[in-house]
Structure formats: structure tokens, C-alpha cells
Amino acid sequence: MRDLTKGSEGKHILLFAIPMLLGNLFQALYNTVDSIWVGQIVGSNGLAAVAVSFPIIFMLISLVMGLTMGVTIIISQYYGAKDMDNVKRTIDNTLLMLLVASFVTTIIGLLLSKKILILIDTPDVILHQATVYLNIMFAGMIFMYGYNGLSAILRGMGDSKTPLYFLIVATVVNIILDPIFIYVLKLGVAGAAYATVISQGISFVMGFVYLYRKHDIFRLKFKDLRFDKGIMGLIFKIGFPMAIQQTLVSVAGVFLNAIINRFGADAMAAFGAASRVESFIFMPTMSISMAVSSFTGQNLGAGKIDRVKRGFNAAMLMGVVLSLFTLFITQVIPKYLILLFTNNQTVVGLGVQYLKILGLFYCAFTFMFVSNGVVRGSGDTLVAMIITLVALWFVRIPLANMLSRRIGLVGVWYAIGIGFLVGMTLSLSYYFSGRWKNKAIVKPSLEEI
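In this note's numbering, the protein residues as written are 799 to 1247.
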């Protein structure tokens, strides 16, 4: 466990972010391997089926994932204040909450997956494959929730390395199983889903057993497990705005898919392939943002606001370097990246177009996420939700709908980038207003200050 309240701010953020970056890269690789095998073996329709499925999965799990992000903030502030009793109570309630939520999500997903696909105008040629993929993924939801819950808890306690080890196991298993299920057993898109669920299950079980044996704080007494009104109230107070934010993002993704679906399966396949590439590009920034959130939580819990400001400045400098690198990647070699997924020249052309346009806006994405990291870490999650609401629902979606009708698919790509610009402007404005400074859950004692 890492104490982020002492020592070099930039070094702490970087060292904390690196394991999360590796973890996020493995997560992106984990998902991308599915898409590569499906695209190359099943074809562009299979790739489109997987691409159209992800926003639906994200939509149905976003509420719970947002709550676990709130858990990270709560634990980081309790941990920074050295209140281990409340850390333990938060862990117990989180795991119980995720157990219940996984069953509810599975049932809802199995009942509604095909209906949602039809609602968003999924092309008939990929409807069956997408439905099969979704049903298998929802059946294994308990493993996805379990891994993300354990990771959220550990990040709040300053440990970003252990979740990485869990994810490496899942990624390796997935890489081994994908060709077996998709190519050898000829299960197609269903094979990709089976490989994902099995690898997640193995990773979660191994991770839980390891933590149960190694750390007293994870040794649950199942007979004593019950919801604590105070802790659950705090989880919902901090996590619910983040859950709504995640839901807004995911539903916006579904609406964006509906707009792209108007242009056919090739357009969706291109968007899916480019999004997989983009997931790698975004990983460093998202890792730094998550590190900034934990850093902010611990230091606000300890009453050290000046350290938060210095950490923010260091993270923004890292963001500038990352933005220059991603600009180079998207402008120089985008074609070779899309070719990893498909040889369909129409799909490749549209995917390259997406990356070249969005590459111009990734700097705005970076600044938005770093400043949001401070806002979330302070516990001021309502503001982060409002910023997301405006950027997505008042800018990206209406603009994508309007521009797509006037200038075609390229209008959707520009709408996404303009949404990043608006989000960056709002996030930075709120950070520099300083209102986040008084939002800490834990009020430090005079001795801590």
C-alpha cells in the first residue's frame, strides 16, 4: 500500500500511474485481441457485431462501475486519515453490493439485449451475432464486477500493482483461449465471448483467494455480511453522481452507435476498429487521471491542498508530452493500426479518417481527464457529472446527429472532438475556481494539517 501524502508529488503520480497504465494496456489488449481474431477470422460483420455490443454492455454496467469509482474515493480519504475501521467497513459493503448487483445486471441483460440492438437500428446481418455475444457476456457479469471491485478498493489504498497482476492473468488466458474457441472450435463471435468470460472468472477467483490469504482486511466473515446504512449512504452520496456520469457516457455511446448504424455495417466496423486503437491511445491519460484521483483523495484527507495543486501541475505536464506522442501516431501510421483488424479497404479508409480527425482533439481529452481527476478525488462528483452531461448530451450527440445529416460520417467524428473541447473548457474552469477544495469527506485534524 502506498502513502501518497509524503514525498515528490510528480513521482508519486507517475509511479502510481505506471502499474495502472500497464493494467489499462492489458485491458485494452484483452478486448482488442477479441476484435482482431473476430475481424480476421469471422470477417467485418463479426467485427461490427462485437463493436455494436460494447456500448450496450457498458450502459448496463455503468451504474455499478460508477459506484465502485466512488468507493475508491471514499477508501482513499479514509486511508489517508488512517481510519482503518471505516476502510474495512467500506470493503465489506462494496463486495456485498457487487454480489447483488451482478445478479440483477445479468437478468436485465439477458432479457433486454436483443431488444436494445433492434432499438438502435443494428443491421440485420449482424443482429444474431451481436445478440449471442451479449448474452454470453452478461452471463459472466459477476466476474467482471468482482475484478473491478477488488481493483477499486486496492487503488483507494494506494496499491495499483496488485490489480495489474490479476489482469495479466486474465489477458494471457484470453489470448490463449481466443484462437482455440474462435478458429479451432469455429465458435465465431460466441467463442470470443466465452474466452472473455472464462478468463475473467479465473482472474477474479485467483485474485480473491490471494487477497483473502494475504491481507487481514479482505478476510470476510460471510455470516456477518450485511449492508451498513451509513457506509452505503456514503457510497451512494459520492458514487451515485459518478454512476450517473458513467450511465450518461454509456447511453451516449449507444445513441452514437445508432447514428453510425445509419451508414451500414462497414461504418460500424470502422468505428469499432478505430475505437480499439483509441483505447490504447487513451490509456496513459486515463491512468494518470486515476492516479490523480487517488493522490487527491489521500492528500485532501490529510489536509494537504498544496500537494494536490503541485500534483495537478505535474500531471498536466505529463499530459502535454502524451498529447504530442498521440498526435504523431494518429497522423503518421493510422492505416497500419486499422489493418490489424481487417483488410476491407472501405473499413480501413473510414477508420483512418476517424483517427486522423480525432487525433487533433486528444490534447483536449487529456486536459479534461487530468482536471477531472482532481475534481473526482475531492469527492465533488456532482460537478464531474454535470460536465459530462453538457459535453455529451448538449454537444456531442446533437452535433453528431446534425452534422451526420449534412456532411456524412465525417460529421460524427468532428462532433466527438468538439465534445472533448467543451469538456476540457468546463473542467479546467472548475478546477481553477478552487471550489473543489472544501469537498473532502474526511475533515483532517489540526495535527494532520
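C-beta atoms are modelled at their ideal positions from N, C-alpha and C, and glycine is treated no differently.
A quick note: this is a predicted structure, and the numbers were derived from the prediction, not measured.
Report back the beta-carbon spacing between residue i and residue j to the nearest angstrom; my notes put them in contact at under 8 Å.
{"i": "SER860", "j": "THR1045", "result": "5 Å"}
{"i": "ALA950", "j": "THR866", "result": "4 Å"}
{"i": "GLY938", "j": "GLY999", "result": "6 Å"}
{"i": "PHE941", "j": "THR904", "result": "Rounded, the Cβ-Cβ distance is 11 Å, inconsistent with contact."}
{"i": "SER911", "j": "THR888", "result": "That belief does not hold up - the Cβ atoms of SER911 and THR888 are roughly 32 Å apart, past 8 Å."}
{"i": "GLY954", "j": "SER1092", "result": "7 Å"}
{"i": "PHE1016", "j": "TYR1010", "result": "5 Å"}
{"i": "THR1179", "j": "ILE1036", "result": "6 Å"}
{"i": "ILE996", "j": "VAL971", "result": "7 Å"}
{"i": "SER1023", "j": "ASP890", "result": "The sequence shown places Leu at residue 1023, not Ser. With a Cβ gap of about 6 Å, LEU1023 and ASP890 count as contacting."}
{"i": "TYR877", "j": "GLY1005", "result": "The Cβ separation is near 20 Å, so there is no contact."}
{"i": "ILE990", "j": "ASP976", "result": "Here the sequence assigns Ala to residue 990, which means Ile is not the residue at that position. Contact flag correct, Cβ pair sits at about 6 Å."}
{"i": "GLY1070", "j": "SER833", "result": "7 Å"}
{"i": "LEU965", "j": "GLY821", "result": "5 Å"}
{"i": "PHE1078", "j": "LEU823", "result": "7 Å"}
{"i": "ILE914", "j": "ILE854", "result": "5 Å"}
{"i": "PRO817", "j": "LYS959", "result": "4 Å"}
So the alpha helix (DSSP H) residue i belongs to, where does it begin and stop?
{"i": "ARG1105", "result": "1103-1130"}
{"i": "ASP883", "result": "882-917"}
{"i": "ILE859", "result": "842-878"}
{"i": "LEU812", "result": "807-835"}
{"i": "SER1073", "result": "1063-1099"}
{"i": "ILE1029", "result": "1027-1059"}
{"i": "GLN998", "result": "987-1012"}
{"i": "ARG953", "result": "939-954"}
{"i": "PRO977", "result": "960-977"}
7 Å is my cut-off, CB to CB: does residue i come that close to chain D?
{"i": "PRO1082", "result": "Chain labels in this structure do not include chain D; a single protein chain is all it has."}
The ligand COA and residue i: does the residue's C-beta get closer than 6 Å to at least one heavy atom of that ligand?
{"i": "LEU845", "result": "Questions concerning the ligand COA fall outside what the structure shown contains, since it holds no ligand whatsoever."}
Inter-stretch contact (C-beta, 8 Å, three-pair minimum) for the region 903-922 and the region 841-855:
yes
To test your reading of the DSSP string, which unbroken alpha helix (DSSP H) runs of 4 or more residues are found completely within the region 1167-1238?
1179-1187, 1195-1205, 1207-1231
Are the region 1032-1051 and the region 1102-1112 in contact at 8 Å, needing three or more beta carbon pairs?
no
Using 8 Å as the Cβ pair cut-off and three pairs as the minimum, do the region 1176-1192 and the region 1142-1155 touch?
no
Counting only runs that start and end within the region 1130-1165, where is the alpha helix (DSSP H) found for 4 or more residues in a row?
1132-1136, 1143-1157
Three or more C-beta pairs below 8 Å linking the region 1162-1175 and the region 1084-1104
yes
Cβ pair count under 8 Å reaching 3, the region 1091-1110 against the region 1061-1068:
no
Taking 8 Å as the threshold, find out whether the region 1190-1200 comes into contact with the region 1115-1123 through three or more Cβ pairs.
no
Count the C-beta pairs between the region 1216-1230 and the region 1067-1081 that are closer than 8 Å, then say yes if the count reaches three, no if not.
no
Contact between the region 976-992 and the region 828-841: three or more CB pairs below 8 Å?
yes
Counting Cβ pairs, one atom from each stretch, are 3 or more of them under 8 Å apart for the region 1223-1237 and the region 1169-1183?
yes
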